[in-house]
Amino acid sequence: MNRNLGVLISGRGSNLQAIMRAIADGRLDARIAVVISNRAEAAGLQRAREAGIETLCLSHRSCATREEYDGRLVEALRARDIGLVCLAGFMRLLGPTFIEAFPNAILNIHPSLLPAFPGLDAQHQAWQHGVKVSGATVHLVNCDLDAGPIILQAAVPVLNTDTPDTLAARILVEEHRLYPEAIRLVLDGGWEIVGRRFVRRAAV
Ligand code: GRF
Numbered sequence: 338m339n340r341n342l343g344v345l346i347s348g349r350g351s352n353l354q355a356i357m358r359a360i361a362d363g364r365l366d367a368r369i370a371v372v373i374s375n376r377a378e379a380a381g382l383q384r385a386r387e388a389g390i391e392t393l394c395l396s397h398r399s400c401a402t403r404e405e406y407d408g409r410l411v412e413a414l415r416a417r418d419i420g421l422v423c424l425a426g427f428m429r430l431l432g433p434t435f436i437e438a439f440p441n442a443i444l445n446i447h448p449s450l451l452p453a454f455p456g457l458d459a460q461h462q463a464w465q466h467g468v469k470v471s472g473a474t475v476h477l478v479n480c481d482l483d484a485g486p487i488i489l490q491a492a493v494p495v496l497n498t499d500t501p502d503t504l505a506a507r508i509l510v511e512e513h514r515l516y517p518e519a520i521r522l523v524l525d526g527g528w529e530i531v532g533r534r535f536v537r538r539a540a541v
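To convert, count from 1 in the sequence shown and add 337; that's the working numbering.
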């Protein structure tokens, strides 16, 4: 698989940083060709610039429709020969124009054990529901929200003393470990989608 990554962010960019670190440490054989944000003030843009990575701000406000915005994203990623798109806190829903342009080549990280607690504020949802275990999920992106085939998950206990913030912080540690590892699995190939399952073929 083409190892050029395009990372899409909207905010702080700590997962972006974890991917950058994994590449720098030699744990992940890939290259971040571009970081795109829909918000100019996203702190992650600065992290990327400091590392000499090309950044782009594409505001959804400049587009009349989701389709137009998705089309501009696709164009920017194709122009940079991106093989794998990594959503890392990108707070925009992507429509079929985008999803179909990168079949089985878009990843997302979500701060819960999907399919529990999709959508916004997953850590708060889990805390409020009273589950005893939550965690993080990296999955392939399809047209349904937080519902694509699961690549990796990590469980995190929910403690009696937790607040949504302390739970989120503990989940984030796992996110930073999980995301580079899932990217590595996907780039290394030897997997297929069976039904809605991500299945790695046994090594011969
Ligand atoms: C993470 O919790 C991720 O799971 C969710 O958005 C947050 C992004 O954080 N999709 P960061 O910008 O990577 O620090």
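All C-beta atoms in this analysis are idealised placements derived from N, C-alpha and C, irrespective of residue type, glycine included. Nothing here was measured: the structure is a model prediction, and the numbers come from that model.
| query | result |
| --- | --- |
| Exposed unless 16 or more other CB atoms sit within 10 angstroms - verdict on N339 | exposed |
| CA-to-CA distance, R349 to E391, given in whole angstroms | 17 Å |
| Touch test, the segment 447–455 against the segment 466–478, Cβ-Cβ under 8 Å, three pairs minimum | yes |
| C-alpha distance - S374 paired with S347, whole-angstrom precision | 5 Å |
| Residue nearest to L504 in terms of C-alpha spacing, selected from C400, R417, H461 and G343 | H461 |
| Chain D within 8 Å of A379, Cβ atoms only | Of the protein chains in this structure there is only one, and it is not chain D. |
| Which of helix, strand or coil DSSP assigns to R451 | Here residue 451 is Leu; the residue named in the question, Arg, does not match the sequence. It is coil, neither helix nor strand. |
| When V523, D483 and H466 are compared against L457, the one with the closest alpha-carbon | D483 |
| Ordered list of beta strand (DSSP E) runs contained in the segment 447–491, each at least 3 residues | 470–477 |
| Residues that DSSP places opposite E529 in a beta bridge | V536 |
| Range of the contiguous alpha helix (DSSP H) that encloses T402 | Neither: T402 is in no alpha helix (DSSP H) and is coded neither H nor E. |
| Reduced DSSP category for V510 - H, G, I as helix; E, B as strand; rest coil | helix |
| Where D407 falls, given that 16 or more other Cβ within 10 Å makes a residue buried | buried |
| Boundaries of the beta strand (DSSP E) in which I360 is found, first to last residue | No beta strand (DSSP E) contains I360, which is instead part of the alpha helix (DSSP H) from S351 to A361. |
| Buried/exposed call for A423, threshold 16 Cβ in 10 Å | Per the sequence shown, the amino acid found at residue 423 is Cys instead of Ala. Looking at its Cβ environment, which holds 16 or more other Cβ atoms inside 10 Å, C423 is buried. |
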